[in-house]
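Below is one structure; the comments refer to it alone.
Chains as they are written, first to last, in the working numbering: chain G, 1 to 310; chain R, 1001 to 1317.
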């Protein structure tokens, strides 16, 4: 387990380093300096600006500087919003985005698993077809379409919920719902398939033969094993929720990280784009790593297999 | 004693022995197959035909393709012509889907958006197919160290957040149709490569491949003639499911302003424009593009599911 842990950890660091390097050189391959735009600045001022942001140094030195700064968890200054650093922006935006992402994940997991179990228990029945139709619809409707639909119905036509911002629990309902539909549908389908598979296993028959109540069979015996595939997709689901926050935060005017990211893209604020990308990637890679570890802990068969392989 | 014997012979009590008549059988025909044998593809096709949801998805996609090809032609209005006197008109016999804030015909623009979406989806899936099959095929067939190395690289790419990479590439090379496809292909092929590699790894150990090898068949021919046809099922399913995700990515990028640019129409761009007028009650500007995005993705998803069931009946539940 320990060697496996260390191996995965090293792989994680390498992936992260590759992302940082790739992002850095991609961003610096964009022609032109961020300062020569519409208004022509005095050449001396431009020189000073470039010197201030160390843009006049050779690329490799800049790369070295960036890496050293990153080691100190310093993501650098913003170019377009002077007097702000990327760290400050993330510090302000991340808690909001995290809240949105967290609620979304909780909602998606709970409702998805419930829908999946019900569908599996009523296999080929009306409820099964109904919930799976809902699931395919959920996968097919893009989150920004869902968001616009929810706004139109529940904020404009029937003004139950507020349209924008992130101030009270009531404000959080629509963005969370819009973002959760897709992941919920994926989880529901996955739970159903693996639940159906598990329900045909011998130990379920044994449990039935022992005369256990259906509730106990489902929750104590079947669900535990049926949920393993769901755990594996949590990492990639987190990724889709994360990219979903860009557009959801934009639509609902939520002051989160995604909004800063989209704004920085439109402003061509390269340090912010770079910093946010690195930060996002770090979170996602960490998520994938934790999911891998959790998988090993939850399914003892995997650990055994690893040991045998060595 | 006699009774016992009688009972033993008479297996089902109540049925007299005389009822059992030995069927006269021509020994030479004993092995003849009763049902005409169906090839794998025919069999799968019949299974798919029975799946109503998948077939309606397919029917919708055919209609959508016709709409994309002929829509802009049969429509009397052009995609880009702006008539400021005809702002925000509701759907009518003149403008079937209404007009937008610049007086452009929403029907024509939706049809044009269908072109863009289908084009992006199909081309992205084709590129994924080519790269994924070649990469996965080589990796799976070579095995050993080559496989290990190639799959390490794939694992790293697989860990990257797909849309984030696409956004980054779009920022660097600038928005546009070709850059969208390029950006989608950079990491898009990884899933296909993993599937092909897994299949090849399994099939290359089957006896018919060994037989082919003993006849001295060249590697390229083995991959082409023995391995690929047998991996086609999962590949087709993967392609069908790649298309909606590419269409989604294009709409997503266009929606946040990184995709198709102004005069051109894309469902994402139209949805974004429509959203800003949501309070004014111009529902048709938001309704048609979002309806088409959702229906298209739905159709591809159910078709992909149907194909998966049809091509791999073992997985069917």
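Using N, Cα and C, we set each Cβ at its ideal position, and we do this for glycine too.
Residue i vs residue j beta-carbon contact at 7 Å
i                       : j                       : result
residue 1137 of chain R : residue 1196 of chain R : yes
residue 1117 of chain R : residue 1284 of chain R : no
residue 1067 of chain R : residue 1114 of chain R : yes
residue 1190 of chain R : residue 1154 of chain R : yes
residue 1259 of chain R : residue 1175 of chain R : yes
residue 150 of chain G  : residue 178 of chain G  : yes
residue 1290 of chain R : residue 145 of chain G  : yes
residue 239 of chain G  : residue 284 of chain G  : yes
residue 1327 of chain R : residue 1265 of chain R : Because chain R is modelled from 1001 through 1317, residue 1327 of chain R falls outside the range shown and cannot be assessed.
residue 101 of chain G  : residue 138 of chain G  : no
residue 192 of chain G  : residue 119 of chain G  : yes
residue 171 of chain G  : residue 162 of chain G  : yes
residue 291 of chain G  : residue 235 of chain G  : yes
residue 1212 of chain R : residue 1222 of chain R : yes
residue 104 of chain G  : residue 165 of chain G  : no
residue 97 of chain G   : residue 115 of chain G  : no
residue 15 of chain G   : residue 1156 of chain R : yes
residue 24 of chain G   : residue 66 of chain G   : yes
For residue j and residue i, the rounded distance between their alpha carbons
i                       : j                       : result
residue 75 of chain G   : residue 167 of chain G  : 28 Å
residue 108 of chain G  : residue 1073 of chain R : 43 Å
residue 1070 of chain R : residue 1122 of chain R : 18 Å
residue 91 of chain G   : residue 77 of chain G   : 13 Å
residue 275 of chain G  : residue 190 of chain G  : 34 Å
residue 194 of chain G  : residue 112 of chain G  : 13 Å
residue 310 of chain G  : residue 7 of chain G    : Since pLDDT at residue 310 of chain G reaches only 35, below the 50 mark, its modelled position is unreliable, and the value read off the structure follows with that caveat. Taking the straight line from one Cα to the other gives about 13 Å.
residue 45 of chain G   : residue 79 of chain G   : 14 Å
residue 305 of chain G  : residue 1230 of chain R : Its pLDDT being 46, under 50, residue 305 of chain G is placed unreliably in this model, and the coordinates cannot settle the point.
residue 255 of chain G  : residue 1160 of chain R : 25 Å
residue 1001 of chain R : residue 1018 of chain R : Since pLDDT at residue 1001 of chain R reaches only 47, below the 50 mark, its modelled position is unreliable, and no value is offered.
residue 1239 of chain R : residue 1192 of chain R : 8 Å
residue 203 of chain G  : residue 220 of chain G  : 12 Å
residue 1144 of chain R : residue 1151 of chain R : 11 Å
residue 213 of chain G  : residue 1201 of chain R : 44 Å
residue 1272 of chain R : residue 1107 of chain R : 16 Å
residue 1119 of chain R : residue 1251 of chain R : 13 Å
residue 241 of chain G  : residue 257 of chain G  : 13 Å
residue 1217 of chain R : residue 1147 of chain R : 22 Å
residue 307 of chain G  : residue 12 of chain G   : Reliability fails at residue 307 of chain G, whose pLDDT of 45 lies under 50, so the model's placement of it is uncertain and no value is given.
residue 69 of chain G   : residue 63 of chain G   : 10 Å
residue 1039 of chain R : residue 1312 of chain R : 14 Å
residue 1098 of chain R : residue 1089 of chain R : 5 Å
residue 57 of chain G   : residue 50 of chain G   : 9 Å
residue 1286 of chain R : residue 1280 of chain R : 11 Å
residue 185 of chain G  : residue 1130 of chain R : 30 Å
residue 245 of chain G  : residue 1170 of chain R : 18 Å
residue 1133 of chain R : residue 17 of chain G   : 28 Å
residue 1092 of chain R : residue 1065 of chain R : 24 Å
residue 1043 of chain R : residue 1052 of chain R : 16 Å
Among the options, the one whose alpha carbon lies nearest that of residue i
i                       : options                        : result
residue 85 of chain G   : G/271, G/98, G/266, G/62       : G/271
residue 266 of chain G  : R/1265, R/1255, R/1223         : R/1255
residue 198 of chain G  : G/110, G/140, G/218            : G/218
residue 1241 of chain R : R/1288, R/1307, R/1131         : R/1307
residue 1245 of chain R : R/1235, R/1040, R/1301         : R/1301
residue 1100 of chain R : R/1277, R/1168, R/1200         : R/1277
residue 1142 of chain R : R/1055, R/1288, R/1219, R/1085 : R/1219
residue 147 of chain G  : G/49, G/133, G/125, G/248      : G/248
residue 73 of chain G   : G/62, G/244, G/279, G/19       : G/279
residue 1295 of chain R : R/1093, R/1049, R/1164, R/1062 : R/1062
residue 264 of chain G  : R/1177, R/1257, R/1194         : R/1257
residue 136 of chain G  : R/1199, R/1041, R/1054, R/1075 : R/1054
residue 293 of chain G  : G/232, G/157, G/128, G/61      : G/232
residue 87 of chain G   : G/207, G/297, G/260            : G/260
residue 273 of chain G  : R/1253, R/1093, R/1168, R/1270 : R/1168
residue 1082 of chain R : R/1303, R/1263, R/1158, R/1183 : R/1263
Bridge partner(s) assigned by DSSP for residue i
i                       : result
residue 77 of chain G   : G/85
residue 1105 of chain R : R/1099
(request) Report the residue ranges of all alpha helix (DSSP H) runs contained in full by the segment 186-229 of chain G; include only those spanning at least 4 residues, in chain order. (result) 202-209, 223-226
(message) What ranges does the beta strand (DSSP E) occupy inside the segment 1055-1099 of chain R, keeping only unbroken runs of at least 3 residues that lie completely in it?
(response) Segments of the beta strand (DSSP E) lying fully in the segment 1055-1099 of chain R: there are none.
(request) Taking a Cβ distance cut-off of 8 Å, strictly less, list which residues of the segment 126-144 of chain G are near chain A, in chain order. (result) Of the chains in the structure shown, none is chain A; the protein chains are G and R.
(request) Entirely within the segment 1283-1313 of chain R and at least 4 residues each: give me those alpha helix (DSSP H) ranges in chain order. (result) 1283-1311
(request) Kindly provide the ranges of any beta strand (DSSP E) runs that are 3 or more residues long and lie completely inside the segment 1122-1154 of chain R, ordered along the chain. (result) none
(request) Only counting runs of 4 or more residues, tell me where the alpha helix (DSSP H) segments fall wholly within the segment 123-185 of chain G, in order along the chain. (result) 126-140, 143-151
(message) If we require 4 or more residues per run, which alpha helix (DSSP H) segments fall completely within the segment 219-282 of chain G?
(response) At a cut-off of 4 residues, the continuous stretches assigned as alpha helix (DSSP H) that sit fully inside the segment 219-282 of chain G are 223-226, 228-251, 257-267.
(message) What ranges does the beta strand (DSSP E) occupy inside the segment 1184-1239 of chain R, keeping only unbroken runs of at least 3 residues that lie completely in it?
(response) none
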